[in-house]
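Residue numbers (my numbering): 102 to 493. Virtual Cβ for every residue (Gly too), placed ideally from N, Cα, C. None of the values given here were measured: they were computed from a predicted structure. Take a look at the structure below.
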Ligand SMILES: Cc1cc2nc3c(=O)[nH]c(=O)nc-3n(C[C@H](O)[C@H](O)[C@H](O)COP(=O)(O)O)c2cc1C
């Protein structure tokens, strides 16, 4: 259901509000505490200005690249998101199929509503699997085994979920487990009949990635499952153990510190995923784009570096790559598209970002992803120059 007026990812954000009850769109759009970090992700990307070049032959701009040896049509992947089921019945498979069509990669969340196996059926070669270190090592081992069985080559360790987040929009809506929304939210949900219909009919309101008694875990059972499985005690020991057992690629997500990045590489990580969870976990920490240069320096080319948080435009992708990321990832924007129009809208979201990236590369006079470097930044990036982030 693509609307003519939708020409940007922000249009999808606004459109998704018309499809989702307020408590669900707040859950999707919101972040932790005062949402300072969430806003900073976008603001700091926007503060970076680019340098337009003239009369450069840009008749052939190539956005393709590789990540860990896998070809991508553009340096952009889908960040792992749990619970896509609550936005649209198409859920993870719809987004994964769109990622395949766009020549991208879908990262399946450890907290997904659909099983890894279901997604692997539609995106067997474009799928990375996120894993969490559960309290019971056997639970983690069994997940790794499932990933291996469906042919996943890259695991993404969730490195920033030891502590619990405080999302105040969700608390106001009573979105605990089980949800206890105020009466007003029931009225609001009734004004979204399409969503309600999907919820009553097609939607699988389960945490289908895990089973209990041979059936998918129900949403209202997730709290007790998490209480007994969540592992705030996970450390680098678990990472080292996984590294010794997993011969495929290993990426760690949630790295925001150069020392941690160096440690991850020393422990054998193939990819460092710079992420503050889109500002959803912990507030009052820097924007990802601000910590990227120091992390790239600490990694020193020994692993690939990826970045997410606030990527909303093709030129944001170019900025991340120019500062040393191998690829950028986006979360919310793909969920906005999914909620608005299912798989065709996610296809469209990819197309928008690719077109914008091509345009940006043309304007800065670069015809390949490899050529994107800090020379693309305007020399009046005062904020960055002051902080010594850009040394041009
Ligand atoms: C609805 C939603 C669910 C998410 N679930 C997970 C998750 O299960 N695991 C994870 O590592 N990150 C999760 N994230 C964070 C994303 O992977 C990503 O870091 C973040 O969305 C990037 O910021 P952006 O939304 O500004 O692009 C989630 C984000 C959203 C919006």
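Residue i Cβ short of 6 Å to ligand 1 heavy atom set
i           : result
residue 376 : yes
residue 267 : no
residue 178 : no
residue 149 : no
residue 354 : yes
residue 379 : yes
residue 327 : no
residue 129 : yes
residue 212 : yes
residue 496 : Absent from the model: residue 496. The displayed extent of the chain is 102 to 493, so no value can be given.
residue 401 : no
residue 270 : no
residue 357 : no
residue 409 : yes
residue 140 : no
residue 64  : For residue 64 there is no data in the structure shown, the boundaries of the chain being 102 and 493.
residue 145 : no
residue 432 : yes
Beta carbon of residue i nearer than 7 Å to that of residue j
i           : j           : result
residue 443 : residue 191 : yes
residue 332 : residue 234 : yes
residue 270 : residue 372 : no
residue 417 : residue 135 : no
residue 476 : residue 162 : no
residue 353 : residue 258 : yes
residue 363 : residue 415 : no
residue 330 : residue 216 : no
residue 186 : residue 214 : yes
residue 129 : residue 436 : yes
residue 338 : residue 124 : no
residue 388 : residue 148 : no
residue 463 : residue 159 : yes
residue 529 : residue 230 : Nothing in the structure corresponds to residue 529, since the chain is present only between 102 and 493.
residue 168 : residue 193 : no
residue 202 : residue 448 : yes
residue 138 : residue 455 : no
residue 143 : residue 401 : no
residue 268 : residue 399 : no
Neighbourhood of residue i by C-beta distance below 8 Å, restricted to the same chain and skipping five residues each side
i           : result
residue 426 : 176, 375, 393, 397, 406, 407 and 408
residue 165 : 172, 173, 174, 175, 204 and 470
residue 108 : 453
residue 358 : 392 and 396
residue 248 : 217, 230, 232 and 256
residue 326 : 308, 311, 313 and 318
Same chain, Cβ closer than 7 Å to residue i, neighbours up to 5 away in sequence not counted
i           : result
residue 432 : 180, 182, 379 and 409
residue 200 : 179, 206, 207, 224 and 227
residue 120 : 293, 295, 296, 440 and 441
residue 244 : 232
residue 105 : none
residue 479 : 150, 151 and 152
residue 489 : With a pLDDT of only 47 at residue 489, under 50, the local geometry of the prediction cannot be trusted, and no value is derived from it.
residue 434 : 110, 113, 413 and 450
residue 115 : none
residue 312 : 318
residue 483 : Below a pLDDT of 50, predicted positions are generally treated as unreliable, and residue 483, at 49, falls in that range; the measurement from the model is reported next regardless. There are no such residues.
residue 370 : 351, 352, 353 and 404
For residue j and residue i, believed in contact at Cβ under 8 Å, the rounded distance
i           : j           : result
residue 296 : residue 122 : 6 Å
residue 266 : residue 381 : 6 Å
residue 466 : residue 154 : 3 Å
residue 90  : residue 428 : In the structure as shown, the chain starts at 102 and stops at 493, and residue 90 therefore has no counterpart that could be examined.
residue 344 : residue 368 : 6 Å
residue 423 : residue 473 : 5 Å
residue 299 : residue 189 : 7 Å
Residues near residue i by beta carbon distance below 6 Å, same chain, minus five either side
i           : result
residue 390 : 145 and 146
residue 306 : 320
residue 361 : none
residue 280 : none
residue 184 : 214
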